[in-house]
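Report on the following structure.
There are 2 protein chains.
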Amino acid sequence: MAALPTEDDIASMDAADPLLPLREQFLRAEGEVYLDGNSLGMASGAALDALRLAAREEWTRGLIRSWNTAGWFDLPVELGDRIGRLIGAASGQVVVADTTSINIYKALHAAIGLRPGRNVIVAEAGSFPTDLYIAEGVISTLPGVTMRLEGRDADRIEDLLDQDVAAVLVNHVNYKTGALRDMAALTRAIHDAGAVAIWDLCHSAGALPVALDAAGADFAVGCTYKYLNGGPGSPAFIYVAARHLAEARQPLSGWWGHARPFAFETGFDGDPGIRRFQCGTQPILSLRALQGALEIWDEVDMHRLREKSVALTELFIRLVEGLCAGHGLVLESPRDPALRGSQVAFAHDHAYEIMQALIERGVIGDFRAPSTLRFGFTPLYLSHADVAHAARVLADVLESGLWREPRFAVRGAVT
Amino acid sequence: MAALPTEDDIASMDAADPLLPLREQFLRAEGEVYLDGNSLGMASGAALDALRLAAREEWTRGLIRSWNTAGWFDLPVELGDRIGRLIGAASGQVVVADTTSINIYKALHAAIGLRPGRNVIVAEAGSFPTDLYIAEGVISTLPGVTMRLEGRDADRIEDLLDQDVAAVLVNHVNYKTGALRDMAALTRAIHDAGAVAIWDLCHSAGALPVALDAAGADFAVGCTYKYLNGGPGSPAFIYVAARHLAEARQPLSGWWGHARPFAFETGFDGDPGIRRFQCGTQPILSLRALQGALEIWDEVDMHRLREKSVALTELFIRLVEGLCAGHGLVLESPRDPALRGSQVAFAHDHAYEIMQALIERGVIGDFRAPSTLRFGFTPLYLSHADVAHAARVLADVLESGLWREPRFAVRGAVT
Numbered sequence: 007m008a009a010l011p012t013e014d015d016i017a018s019m020d021a022a023d024p025l026l027p028l029r030e031q032f033l034r035a036e037g038e039v040y041l042d043g044n045s046l047g048m049a050s051g052a053a054l055d056a057l058r059l060a061a062r063e064e065w066t067r068g069l070i071r072s073w074n075t076a077g078w079f080d081l082p083v084e085l086g087d088r089i090g091r092l093i094g095a096a097s098g099q100v101v102v103a104d105t106t107s108i109n110i111y112k113a114l115h116a117a118i119g120l121r122p123g124r125n126v127i128v129a130e131a132g133s134f135p136t137d138l139y140i141a142e143g144v145i146s147t148l149p150g151v152t153m154r155l156e157g158r159d160a161d162r163i164e165d166l167l168d169q170d171v172a173a174v175l176v177n178h179v180n181y182k183t184g185a186l187r188d189m190a191a192l193t194r195a196i197h198d199a200g201a202v203a204i205w206d207l208c209h210s211a212g213a214l215p216v217a218l219d220a221a222g223a224d225f226a227v228g229c230t231y232k233y234l235n236g237g238p239g240s241p242a243f244i245y246v247a248a249r250h251l252a253e254a255r256q257p258l259s260g261w262w263g264h265a266r267p268f269a270f271e272t273g274f275d276g277d278p279g280i281r282r283f284q285c286g287t288q289p290i291l292s293l294r295a296l297q298g299a300l301e302i303w304d305e306v307d308m309h310r311l312r313e314k315s316v317a318l319t320e321l322f323i324r325l326v327e328g329l330c331a332g333h334g335l336v337l338e339s340p341r342d343p344a345l346r347g348s349q350v351a352f353a354h355d356h357a358y359e360i361m362q363a364l365i366e367r368g369v370i371g372d373f374r375a376p377s378t379l380r381f382g383f384t385p386l387y388l389s390h391a392d393v394a395h396a397a398r399v400l401a402d403v404l405e406s407g408l409w410r411e412p413r414f415a416v417r418g419a420v421t
Numbered sequence: 007m008a009a010l011p012t013e014d015d016i017a018s019m020d021a022a023d024p025l026l027p028l029r030e031q032f033l034r035a036e037g038e039v040y041l042d043g044n045s046l047g048m049a050s051g052a053a054l055d056a057l058r059l060a061a062r063e064e065w066t067r068g069l070i071r072s073w074n075t076a077g078w079f080d081l082p083v084e085l086g087d088r089i090g091r092l093i094g095a096a097s098g099q100v101v102v103a104d105t106t107s108i109n110i111y112k113a114l115h116a117a118i119g120l121r122p123g124r125n126v127i128v129a130e131a132g133s134f135p136t137d138l139y140i141a142e143g144v145i146s147t148l149p150g151v152t153m154r155l156e157g158r159d160a161d162r163i164e165d166l167l168d169q170d171v172a173a174v175l176v177n178h179v180n181y182k183t184g185a186l187r188d189m190a191a192l193t194r195a196i197h198d199a200g201a202v203a204i205w206d207l208c209h210s211a212g213a214l215p216v217a218l219d220a221a222g223a224d225f226a227v228g229c230t231y232k233y234l235n236g237g238p239g240s241p242a243f244i245y246v247a248a249r250h251l252a253e254a255r256q257p258l259s260g261w262w263g264h265a266r267p268f269a270f271e272t273g274f275d276g277d278p279g280i281r282r283f284q285c286g287t288q289p290i291l292s293l294r295a296l297q298g299a300l301e302i303w304d305e306v307d308m309h310r311l312r313e314k315s316v317a318l319t320e321l322f323i324r325l326v327e328g329l330c331a332g333h334g335l336v337l338e339s340p341r342d343p344a345l346r347g348s349q350v351a352f353a354h355d356h357a358y359e360i361m362q363a364l365i366e367r368g369v370i371g372d373f374r375a376p377s378t379l380r381f382g383f384t385p386l387y388l389s390h391a392d393v394a395h396a397a398r399v400l401a402d403v404l405e406s407g408l409w410r411e412p413r414f415a416v417r418g419a420v421t
């Protein structure tokens with residue numbers, strides 16, 4: 007086995023990192039390494055500035071006039087286009103609105119509507135659960151529609167596809183293991199079966215290059231509070247391929263989806279474009295924080311971002327496996343970086359307690375039941391030195407047995 | 007006709023107003039009278055402070071830990087209970103989540119589910135339009151369900167009720183005219199017909215006493231950015247009467263509605279209480295601003311609030327009709343204050359231009375197509391002197407013909 011990288015090697019990696027200066031735009035805490043940006047991204051100065059301006063000027067002074075003068079009304083489509091540039095979507099196909107769960111509901115209804123006579127939704131048993139819960143909700147309103155799950159009814163999505171399948175709802179990057187799908191290949195297989203592909207980008211938007219248009223994706227959804235750093239619970243986005251906009255319908259047909267929302271007409275006449283996938287009034291303060299957070303992306307090349315992401319996860323795996331050998335950690339993420347998103351998961355029987363001990367020592371990751379230590383690597387604000395420090399702290403927590411202290415076994419409401 | 011109140015009379019009204027000191031808690035602009043709190047309420051110092059704390063401390067420093075340590079996870083039910091106290095709902099029946107439109111969707115689905123074999127939704131042709139648009143969306147997913155409208159199919163909701171009606175969706179206060187319904191009496195009539203009552207409280211929550219439990223209401227929805235001053239687009243609320251919680255189901259069954267959201271189970275098992283009417287992650291920054299905004303209500307007696315609201319609208323009508331006679335204004339709101347919410351509407355053929363001229367003169371109301379000048383009266387931050395000033399400016403705009411200047415005819419995107 008090759009020697010592990012030295013402090014000097016790590017310093018050289020940081021010195022050669024073209025994205026390193028970007029971390030200065032974030033409000034990082036001294037003495038902490040934050041590896042949970044895949045759950046909630048960090049605040050940037052630009053996000054906080056935009057929020058303060060929205061609160062102190064637009065709301066406080068502008069009041070109702072700000073719907074026009076501050077451009078609040080168009081914010082969902084404007085931010086949608088900005089996010090579109092990061093996920094390979096040409097203008098007019100993405101809107102920021104509501105939550106990922108609600109956008110999955112819209113996309114599933116629209117997708118099933120595009121495939122009359124077909125009555126099966128395919129999803130993944132290992133999906134982030136809300137995708138499955140929402141599919142259940144859609145099914146509850148559409149008698150005869152059923153669900154097939156990869157990991158329960160067959161090993162591979164491809165083996166579940168036939169002429170009954172209307173829609174396939176699939177995560178681009180698995181929330182737990184970080185496994186990355188080949189979007190273009192799977193979309194092709196889905197289309198070959200005559201079905202519609204809905205991609206959940208929660209763990210890939212802002213984490214790696216996504217090419218929705220090029221892959222021929224039909225719909226996509228995703229959240230903005232992970233790698234896009236929009237702030238806690240910032241609104242989600244939905245993508246509808248331009249070729250579907252004329253025909254696709256979703257039942258959350260609120261006034262923001264109307265072609266003329268301020269004409270106050272009695273009947274619903276949906277906007278001909280992506281605005282039809284809006285429903286009601288959005289939380290403007292949270293949208294403004296997201297807008298500020300998105301500014302940094304003008305300076306980021308997504309392929310550079312991916313290179314750094316791979317370098318960080320490779321470094322972490324190498325150091326952890328080198329420094330923590332014999333302590334029972336098992337890599338749950340794909341070892342091949344080409345098959346992995348920007349996160350790394352290790353299984354351990356005492357994952358919960360180990361993570362609590364890590365957090366106390368200033369290394370912030372998270373735990374996913376029943377036995378996963380999950381570490382997210384946001385290339386915008388992490389250095390190679392951060393990653394090396396995190397691996398050394400993990401080794402120390404295991405070596406010293408710190409995690410066995412009883413206080414780390416107390417479970418909080420949200421873990 | 008009795009003489010109009012003098013400056014001294016107005017000053018006496020303010021001197022006798024027990025709520026007047028509360029206005030100091032809001033960030034009012036000098037020289038403006040804001041009569042659009044029924045569209046977007048004013049910012050209070052407490053709302054801005056709570057927002058800043060959430061951004062600078064909870065997000066920036068606490069990061070992912072704030073879900074536990076700052077109580078983010080329980081915020082929707084905590085704020086729901088606070089709003090519940092203002093709308094006559096005992097604890098555990100209200101949750102803050104999503105938008106009014108989305109909550110109407112949930113309530114309609116749940117209501118129809120409670121009345122198997124019935125297939126009609128009754129609503130109002132004069133409803134705020136999103137209620138009707140959402141009802142259309144619900145109908146699009148439930149073959150056989152149809153809609154009957156008061157104002158189109160009959161003059162009164164009571165005349166539309168029969169054994170086919172599952173749910174009645176009705177606005178407590180009309181968004182345009184301010185007409186106020188008798189909630190207890192209409193709920194009784196709806197129940198007598200075997201149907202379920204869904205009340206839209208957008209224009210009554212925080213504007214006047216609401217007694218959902220006492221009236222026997224089944225469901226209610228409402229927004230928090232009007233009289234509750236939660237900030238632009240702050241999340242909405244939904245009320246489900248405790249007696250329905252065991253049985254009522256809504257199809258937006260996202261992970262926040264699960265009994266154990268962090269167990270990451272494959273199947274949906276809804277929370278037994280009001281949390282089941284949540285769906286996905288909420289915009290925490292906007293929720294915190296709302297939380298700050300709600301603090302003031304601990305000091306407010308809702309019956310005192312109503313007394314002041316009636317005094318303000320009575321004063322405005324009396325002054326406008328006295329000072330603007332002969333200029334073509336026609337009162338659209340009920341003249342009897344017992345039948346009116348906290349707003350006043352006048353029709354005029356040139357309502358749009360007149361409103362633009364008023365806004366230029368610092369009197370902020372709004373226009374509703376085709377011909378309504380709409381004025382909202384938030385008792386928390388308006389004085390009787392404000393109202394008298396607004397009436398005098400309106401008289402001056404009409405008398406001088408200021409509104410005829412061409413610049414007032416230019417229409418903005420949102421009017």
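If you're matching them up, the sequences are chains A and B in order. Heads up: the first sequence at position 178 corresponds to 184 in our numbering, and the numbers run straight through without jumps. Heads up: the second sequence at position 277 corresponds to 283 in our numbering, and the numbers run straight through without jumps. Just so you know, even glycine gets a beta-carbon here, dropped at the ideal spot from N, CA and C. The model shown is predicted, which means the values in this text are computed figures rather than measured ones.
Across the structure, Leu-186(B) and Gln-169(B) are spaced so that their CA atoms are roughly 26 Å apart.
Taking 7 Å as the cut-off between beta carbons, the residues of the stretch 270 to 299 of chain A near chain B are Phe-270, Glu-271, Thr-272, Phe-274, Cys-285, Gly-286, Thr-287, Gln-288, Pro-289, Ile-290, Leu-291, Ser-292 and Ala-295, in sequence order. For Ile-70(A), the neighbours in chain B by C-beta distance under 7 Å run, in chain order, Asp-42, Ser-45, Leu-46, Ile-370 and Asp-372. Within the stretch 183 to 196 of chain B, contact with chain A at the beta-carbon level (separation under 8 Å) is assigned to no residue.
Scanning chain A for C-beta atoms nearer than 7 Å to the C-beta of Tyr-111(B) yields Leu-258, reported in chain order. Neighbours of Val-227(B) across chain A, judged by C-beta separation under 8 Å, do not exist; the nearest C-beta is about 10 Å away.
A direct Cα-Cα distance of roughly 29 Å separates His-309(B) from Trp-65(A). Judged by beta-carbon spacing, Ala-357(A) lies beyond the 8 Å limit of Thr-384(A), meaning their Cβ atoms are not closer than that value. By the neighbour-count definition (other C-beta atoms within 10 Å, threshold 16), Ser-18(A) is an exposed residue. Its chain contains His-354 and Asp-355 as the residues whose beta carbon lies nearer than 7 Å to that of Gly-334(A), once the 5 sequence neighbours on both sides are disregarded; these appear in chain order.
Counting the other CB atoms within 10 Å of its CB gives Arg-266(B) a total below 16, which places it among the exposed residues.
At a Cβ-Cβ threshold of 8 Å, Tyr-233(A) and Asn-109(A) do not count as neighbours.
With 16 or more neighbouring CB atoms inside 10 Å of its own CB, Glu-156(B) falls in the buried class. Under the 8 Å criterion on CB atoms, Gly-347(B) is classed as non-interfacial with respect to chain A. Excluding the 5 residues flanking it on each side, Ser-210(A) has same chain C-beta neighbours closer than 7 Å at His-178, Val-179, Val-216 and Gly-347, in chain order. Contacts with chain A at 8 Å (Cβ-Cβ) do not include Gly-150(B).
Counting the other Cβ atoms within 10 Å of the Cβ of Gly-228(A) gives 16 or more, which makes it buried. Minimum Cα-Cα distance from Gly-273(A) among the listed residues Gly-328(A), Asp-23(A), Asp-392(A) and Gly-263(A) corresponds to Gly-263(A).
Beta-bridge analysis with DSSP links Ala-351(B) to Arg-380(B). Residue range 225 to 228 is occupied by the beta strand (DSSP E) that includes Gly-228(A).
The shortest C-alpha to C-alpha distance from Leu-300(B) to any of Ser-240(B), Leu-329(B), Arg-71(B) and Glu-327(B) is the one to Ser-240(B). Rounded to the nearest angstrom, the gap between the Cα atoms of Trp-78(A) and Ala-295(A) is 13 Å. Excluding the 5 residues flanking it on each side, Leu-81(B) has same chain C-beta neighbours closer than 6 Å at Leu-293, in chain order. Beta-bridge analysis with DSSP links Ala-160(B) to Glu-156(B). Within the stretch 262 to 306 of chain B, the alpha helix (DSSP H) runs of at least 4 residues that lie entirely inside it are, in chain order, 290 to 300. Arg-158(B) and Ala-113(B) have their C-alpha atoms roughly 23 Å apart.
Per DSSP, the beta bridge partners of Asp-372(B) are Arg-380(B).
Annotation: Tyr-358(B) is outside any beta strand (DSSP E); the continuous alpha helix (DSSP H) that includes it extends over 357 to 366. By the C-beta criterion, the stretch 383 to 398 of chain B is judged to be in contact with the stretch 35 to 42 of chain B, since at least 3 inter-stretch pairs fall below 8 Å. Under the three-state reduction of DSSP output, Asn-109(A) falls in the helix class. In terms of beta-carbon proximity, Val-144(A) lines the interface with chain B, with at least one pair separated by less than 8 Å. Taken atom to atom, the span from the alpha-carbon of Ala-35(A) to that of Leu-10(A) is near 28 Å. The residue from Gly-222(A), Asn-235(A), Trp-261(A) and Gly-260(A) with its alpha-carbon nearest to that of Tyr-245(A) is Gly-222(A).
The beta carbon of Asp-402(A) sits closer than 8 Å to those of Arg-367 and Leu-408, all from its chain and outside the five residues before and after it, given in chain order. In terms of Cα proximity to Thr-136(A), the closest of Asn-125(B), Leu-364(B), Leu-404(B) and Leu-258(B) is Leu-258(B). Shown here for Arg-88(A): same chain residues with a beta carbon closer than 6 Å to its own, the five before and five after excluded, namely Leu-300 in chain order.
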